[in-house]
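S.K.:
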Amino acid sequence: LDLDMDQLDICILGAGKMARLLVQHLLPRNVKSITIVNRSQQGADNLASMFPDANIKTALMDSMLEMVGTSHVTFACTGAMEPILYQENLEGAMQRGAMLVDISVPRNIDDVGANKVEGVKAYNVDDLKAVVAANQARRQRLVLEAEELLQDEMKSFKGWHQSLGTVPMITKLQSRANKIRREELLKYERKLSGLTRRTKTWRADKGIVANCCTAHVALRTVMTFDRHRLVKA
Numbered sequence: 008l009d010l011d012m013d014q015l016d017i018c019i020l021g022a023g024k025m026a027r028l029l030v031q032h033l034l035p036r037n038v039k040s041i042t043i044v045n046r047s048q049q050g051a052d053n054l055a056s057m058f059p060d061a062n063i064k065t066a067l068m069d070s071m072l073e074m075v076g077t078s079h080v081t082f083a084c085t086g087a088m089e090p091i092l093y094q095e096n097l098e099g100a101m102q103r104g105a106m107l108v109d110i111s112v113p114r115n116i117d118d119v120g121a122n123k124v125e126g127v128k129a130y131n132v133d134d135l136k137a138v139v140a141a142n143q144a145r146r147q148r149l150v151l152e153a154e155e156l157l158q159d160e161m162k163s164f165k166g167w168h169q170s171l172g173t174v175p176m177i178t179k180l181q182s183r184a185n186k187i188r189r190e191e192l193l194k195y196e197r198k199l200s201g202l203t204r205r206t207k208t209w210r211a212d213k214g215i216v217a218n219c220c221t222a223h224v225a226l227r228t229v230m231t232f233d234r235h236r237l238v239k240a
């Protein structure tokens, strides 16, 4: 049925405990209408009176086929010991496509025969159990996928958080390297004052590179240590 809940006309056969639970379940979903069909008018009225704010209609069993034939979904939950809906009485009654849901034990609907009626789809308790099991399996898969995603995000966050510890040290090493460069430039300016500018620049750069190696090696050591720490984490 390609309809929203607020467009559905619902028929409930029976007025016992299961019927009451159905009404409680359906009302919050704002279905268009609910009709309770029962053997006794008093039983139907008693159930309807439990929900004074709801627009619930009642009918007797002698109008069952009329109510079923004009409803989008019918739930069967009577105390009948044999099917009350079957192919023969449904074929002349159905005025629209409909779902028939049998939640009674023993069954109130001959689902094999009912499914032969054009536009009718009948379900029993076993069908509903299969649907519930499939939904539970789907939810379990979604939970597992969510857990895996959460674990991946936690690993990424942990790695990012641990990497923050190296930032101050790297900053200090960069500052130290710049200081060394400035000091070496000044030193080589004094030592090489008698040479040409080109020779002076070449020797100064050579000395600076040699002295900066210490800072470079220290920096690589810190980075390697940090990677090992992240791998172990």
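Basically the numbering used here = 1-based index in the sequence shown + 7. Just so it is clear, CB atoms sit at the ideal spot from N, CA and C, and this is done for glycine as well. These numbers were taken from a predicted model, which means no experiment stands behind them.
1) In angstroms, rounded to a whole number, what distance separates the CA positions of Val-112 and Gln-48?
2) Quick one: measure Cβ to Cβ for Ile-19 and Cys-84, integer angstroms, because I've assumed they're closer than 8 Å.
3) Do Met-101 and Gly-126 have their C-beta atoms closer together than 8 Å?
4) For His-79 versus Leu-10, is the C-beta spacing smaller than 8 Å?
5) Apart from the five residues just before and just after Leu-72, which ones in its own chain have a Cβ nearer than 7 Å to its Cβ?
6) By Cβ distance, which residues of its chain are closer than 8 Å to Ala-240, with the 5 residues on each side in sequence left out?
7) With a Cβ-Cβ cutoff of 8 Å, do Arg-46 and Met-74 count as a contact?
8) Opposite Asp-109 in the DSSP bridges: which residues?
9) Could you tell me the alpha carbon to alpha carbon distance between Arg-236 and Leu-193, rounded to whole angstroms?
10) What first and last residue would you give for the alpha helix (DSSP H) that runs through Ser-56?
11) Count the other C-beta atoms from every protein chain shown that fall within 10 angstroms of the C-beta of Arg-145, then say buried if there are 16 or more, exposed otherwise.
12) I think Ala-22 touches Ala-66, with their Cβ atoms under 8 Å apart; what is that distance to the nearest whole Å?
13) Considering Ala-26, what are the terminal residues of the alpha helix (DSSP H) in which it resides?
14) For the beta strand (DSSP E) holding Val-124, just list the boundary residues, first then last.
15) Which same chain residues, not among the five before or five after Ser-70, have their C-beta less than 8 Å away from its C-beta?
16) Could you check if Arg-114 is buried or exposed, using at least 16 other CB atoms within 10 Å of its CB as the buried criterion?
M.R.: Put simply:
1) 23 Å
2) 7 Å
3) yes
4) yes
5) Asn-96, Ala-100
6) Reliability of the predicted coordinates at Ala-240 is poor, the pLDDT of 46 falling under 50, and the value obtained from them is presented with this limitation in mind. Hits under 8 Å: Lys-165, Gly-166, Gln-169.
7) no
8) Ala-83
9) For Arg-236, the predicted model reports a pLDDT of 48, less than 50, meaning its position is unreliable; a value from the coordinates is still stated below. Going from the Cα of Arg-236 to the Cα of Leu-193 covers about 39 Å.
10) 48-56
11) exposed
12) Going by Cβ atoms, the distance from Ala-22 to Ala-66 rounds to 11 Å, so no, they are not a contact pair.
13) 24-33
14) Segment: none, Val-124 is in no beta strand (DSSP E) and carries neither H nor E.
15) Val-44
16) buried
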